[in-house]
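Quick notes on the structure that follows.
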Amino acid sequence: MDPSSHGFPVTVLEQTASQLGCNPADQKLALHLDEEDELKHLRECFHIPKVKDLPPTDSTLVNENESCIYFAGNSLGLQPKKVKAYLDEELDMWARRGVHGHFSGKRPWALGDECIVELMADIVGARKEEVALMNGLTVNLHLQMLSFFSPTPSRYKILLEAKAFPSDHYAVESQLRLHGLDVEKCMLMVQPRKGEETLRIKDILDIIEKEGDSVAVILLSGVQYYTGQLFDIPRITKAGQEKGCYVGFDLAHAVGNVELHLHDWGVDFACWCSYKDPHQGPWHPLQHTDLRPCHTLCSPPSKGPVVPCSATSLSGYCRELSGHFLMAPTSSLPLLQGLILQTPAPIQELSLGPPVPSSSTALSRVLAVLSAFQGHSPSTLGRELSFSALPFCMGLLGCSLQSFSDWLTPVQSP
1 MDPSSHGFPV
11 TVLEQTASQL
21 GCNPADQKLA
31 LHLDEEDELK
41 HLRECFHIPK
51 VKDLPPTDST
61 LVNENESCIY
71 FAGNSLGLQP
81 KKVKAYLDEE
91 LDMWARRGVH
101 GHFSGKRPWA
111 LGDECIVELM
121 ADIVGARKEE
131 VALMNGLTVN
141 LHLQMLSFFS
151 PTPSRYKILL
161 EAKAFPSDHY
171 AVESQLRLHG
181 LDVEKCMLMV
191 QPRKGEETLR
201 IKDILDIIEK
211 EGDSVAVILL
221 SGVQYYTGQL
231 FDIPRITKAG
241 QEKGCYVGFD
251 LAHAVGNVEL
261 HLHDWGVDFA
271 CWCSYKDPHQ
281 GPWHPLQHTD
291 LRPCHTLCSP
301 PSKGPVVPCS
311 ATSLSGYCRE
321 LSGHFLMAPT
331 SSLPLLQGLI
341 LQTPAPIQEL
351 SLGPPVPSSS
361 TALSRVLAVL
371 SAFQGHSPST
381 LGRELSFSAL
391 PFCMGLLGCS
401 LQSFSDWLTP
411 VQSP
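Just so you know, the sequence shown maps onto residues 1 to 414 in full-length UniProt numbering.
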């Protein structure tokens with residue numbers, strides 16, 4: 001049976017349970033889903049924390065030597081088992097060859113970004129020359145908006161979703177203040193309908209159609225961190241550009257999680273990190289700028305900032321490189337070698353390919369069991385568990401269960 005063809009998660013769950021002759025909450029169903037998981041062999045490729053290494057647990061309830069249940073991959077991915085071997089190789093290179101490690105060996109330090117960019121470009125569906133390794137994610141957002149957000153008397157707003165990731169919200173607010181604009185008038189937030197948690201694509205497209213002539217930049221998430229909703233990136237991009245807006249995305253919760261085709265979709269710019277679902281270790285952001293000619297009615301910035309590929313983050317994507325966001329082809333700093341050790345190479349070696357659609361459906365079954373959402377189909381799930389997270393996480397801790405989870409509250413709208 002192809003679960004993705006049967007609609008909403010609760011329907012999939014009930015149908016599968018019925019075939020097995022059990023209740024949807026029965027352990028028999030959970031064991032069946034584990035057995036049928038086509039990605040189960042990859043579990044052995046990662047270090048999974050043991051219960052005994054977690055915050056205080058009740059050994060009368062759980063086996064302390066078992067692996068934990070890790071719910072925090074959207075915050076920090078698990079460590080691939082090959083990372084230590086890669087680190088040891090570089091330390092050995094440093095010990096044996098000293099300064100010559102900059103330009104010799106399998107991964108020359110001075111050419112670090114060249115070992116990574118092409119692999120990352122494949123993951124996000126972009127050209128190699130459209131991706132840069134640099135800075136932190138919020139810094140990259142600021143740099144992109146400094147290039148793309150050039151307010152005029154008639155086009156001066158930034159559109160984002162309500163409950164955006166807090167740092168995104170603050171970055172937009174900062175950009176508006178930088179230009180001397182009134183935040184309350186110029187920060188346009190798409191709200192869910194009353195009684196609903198997620199945004200309807202129709203409502204997003206309607207507000208773009210209604211307000212688009214006054215919007216300079218649309219900045220949305222790829223996967224909304226607070227609800228787990230996967231936005232329809234190509235439709236939103238097309239609608240925004242038809243109204244003359246630049247369209248960018250924070251893909252922190254989307255990269256390595258859902259299939260992306262940034263170049264084909266014509267996304268103007270995007271930023272993301274690689275320490276979540278791609279499992280590439282802490283604090284590595286990236287950004288992208290599309291190379292194709294500018295599509296919009298906006299007047300482009302007269303001079304795009306020259307931004308060298310520096311060494312402390314993973315990526316970005318940007319359109320119209322020469323006119324808006326010039327990612328100069330300077331060599332990276334040697335510090336980038338720390339990033340090389342956690343490149344997509346281990347993922348490529350596992351022959352994962354694009355995210356497997358059925359994994360979204362599998363998670364949607366969990367969502368159905370937990371009654372996390374109403375009205376979500378597998379196609380709109382970003383493979384993240386999101387609901388009333390704080391009570392849930394505290395409940396897990398209170399029960400001393402072997403689980404990892406975290407939460408972050410969005411900025412409250414005035």
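Think of the CB as a built atom: it goes at the ideal place given N, C-alpha and C, for glycine as much as any other residue.
- DSSP places Met134 outside any alpha helix (DSSP H), giving it a letter other than H or E.
- Taken through DSSP and simplified to helix, strand or coil, Tyr86 comes out as helix.
- For Trp265, the enclosing alpha helix (DSSP H) stretches over residues Leu262 to Trp265.
- DSSP places Ser104 outside both helix and strand once states are collapsed to three, so it counts as coil.
- The beta carbons of Val217 and Tyr246 sit closer together than 8 Å.
- If you check the CB distance, Met189 and Glu161 come in under 8 Å.
- Out of Ala17, Phe165 and Leu205, the CA that lies nearest to the CA of Pro234 is found in Leu205.
- For Gly248, the enclosing beta strand (DSSP E) covers residues Tyr246 to Asp250.
- In chain order, Leu188, Val215 and Ile218 place their CB closer than 6 Å to the CB of Leu159, counting only its own chain and leaving out the 5 sequence neighbours on each side.
- The shortest C-alpha to C-alpha distance from Glu130 to any of Asp122, Gly101 and Gly136 is the one to Asp122.
- In the three-state reduction of the DSSP assignment, Lys81 falls in the coil class.
- Looking at the DSSP output, His47 sits in a beta bridge with Gln79.
- Bounds of any alpha helix (DSSP H) do not take in Leu181, whose DSSP letter is neither H nor E.
- For Val172, same chain residues with a beta-carbon under 7 Å away, outside a window of 5 residues either side, are Ile158, Leu160, Met187 and Leu219 in chain order.
- By the neighbour-count criterion, in which 16 or more other beta carbons inside 10 Å mark a residue as buried, Ile69 falls on the exposed side.
- In the DSSP assignment, Leu42 falls outside any beta strand (DSSP E) and carries neither an H nor an E.
- For Gln19 and Ala30, the gap between their C-alpha atoms comes out near 13 Å.
- Taking C-beta atoms as the reference points, Lys84 and Cys45 fail to come closer than 8 Å.
- Distance from the Cα of His253 is smallest, within the candidate group Glu118, Tyr226 and Gln241, for Tyr226.
- DSSP places Ser18 in the helix class (H, G or I) of the three-state scheme.
- Here Val117 is buried, its C-beta having at least 16 other C-beta atoms within 10 Å.
- Under DSSP, Ser221 forms a beta bridge with Asp250.
- Here His100 is exposed: its Cβ has fewer than 16 other Cβ atoms, across all protein chains shown, within 10 Å.
- In this structure, DSSP gives Leu188 an extended state, which the three-state scheme calls strand.
- Within a 10 Å sphere around the beta-carbon of Ser104 sit fewer than 16 other beta-carbons, which makes this residue exposed.
- Put simply, of Pro24, Arg155 and Ser221 the residue whose alpha carbon is nearest the alpha carbon of Ser167 is Ser221.
- For Ile208, the secondary structure class from DSSP, reduced to helix, strand or coil, is helix.
- For Leu160, the uninterrupted beta strand (DSSP E) run begins and ends at Lys157 to Glu161, by DSSP.
- Shown here, Val215 sits in a strand according to DSSP, grouped into three states.
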